Amino acid sequence: MSEIHTNVDAAEIAKFDDMAHRWWDPEGECRPLHEINPLRLDYIEERAGLQDRKVLDVGCGGGLLSEAMARRGAQVTGIDMGENALGVARLHLLESGLEVDYRQSSAEALAAEMPGQFDVITCMEMLEHVPDPGSVLDACARLLKPGGHLCVATLNRTPKSFAMAILGAEYLMRMLPPGTHEYARFIRPSEMEAWMRQAGLSLRNLTGMHYDLINRSYRLGPGVDVNYLAHAVRED
């Protein structure tokens, strides 16, 4: 079986498919995604632009970010391997009236079909859920037009991230379902940069995402020891 079909963790897909029907509930278990979505959206628009851009959302889930980017004027394609999540994403388009092309596909499979087609690619909170993150980044590089932009969000592999993202968020505060993350799959920025460089991508920016426990709000700023966003450009 080729690489296109093997960089998938069926258990991870099932985990998110099980919660698909609650994806658009801002008070449910996807509440953190709703709360960070404006920050992610502004970061992408500031670094890469969205108006009239051809954008691919890799690991789009139920479509929170995909719809938000479409609302800002992007022509959006969203891919995911979760059938239930994509069903919810397509259903929500009937409510929003927006246009997003949702497809059940891996990044690797789409790269074989549509190389060099996208101005901007987003891959948010997804790399830590696949067996080979480097393969996804390589596929993203192949999907981008020369000079195209990639924006990624993931978790750093540090003791602080284990304490906050797993012990705190999942088991103490119950902000996320227990078992959402596996610490061994968290990605250090140095690993991310190495995979990007190998794929022909140039890392341009790293920004931390921080949770304020007192105000129960998120912000972007220096410090990437827990959650972080990365922006890279295809150098061609």
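For the sequence shown, our numbering begins at 6 and goes up steadily by one.
C-beta atoms are modelled at their ideal positions from N, C-alpha and C, and glycine is treated no differently.
Owing to the predicted nature of the structure, the values given are computational and were not obtained by experimental measurement.
Check, Outcome
"Between the CA atoms of Ser207 and Glu51 - distance to the nearest angstrom", "17 Å"
"Asp203, enclosing beta strand (DSSP E) - first and last residue", "The residue you asked about is not Asp; residue 203 is Gln in the sequence shown. No beta strand (DSSP E) contains Gln203, which is instead part of the alpha helix (DSSP H) from Pro194 to Ala204."
"Whole-angstrom distance between Cys145 and Glu113, CA atom to CA atom", "8 Å"
"Closest Cα partner of Arg193 within the set Asp23, Leu44 and Pro138", "Pro138"
"Whole-number beta carbon distance between His215 and Tyr223, since they are thought to touch under 8 Å", "7 Å"
"C-beta atoms of Gly102 and Asp241 nearer than 8 Å", "no"
"C-beta contact flag for Glu88 and Gln109 at 8 Å", "yes"
"First through last residue of the alpha helix (DSSP H) which encompasses Tyr48", "Arg36 to Ala53"
"Rounded C-alpha distance that separates Leu225 from Ala16", "31 Å"
"Contact set for Thr159: own chain, Cβ-Cβ below 6 Å, skip 5 residues either direction", "Leu132, Glu133 and Ile192"
"Spatial distance of Met6 from Asn220 (CA atoms)", "The predicted model places Met6 with a pLDDT of 35, which falls under 50 and marks its position as unreliable, so this point remains unresolved."
"Glu32 versus Thr185 - alpha carbon distance", "17 Å"
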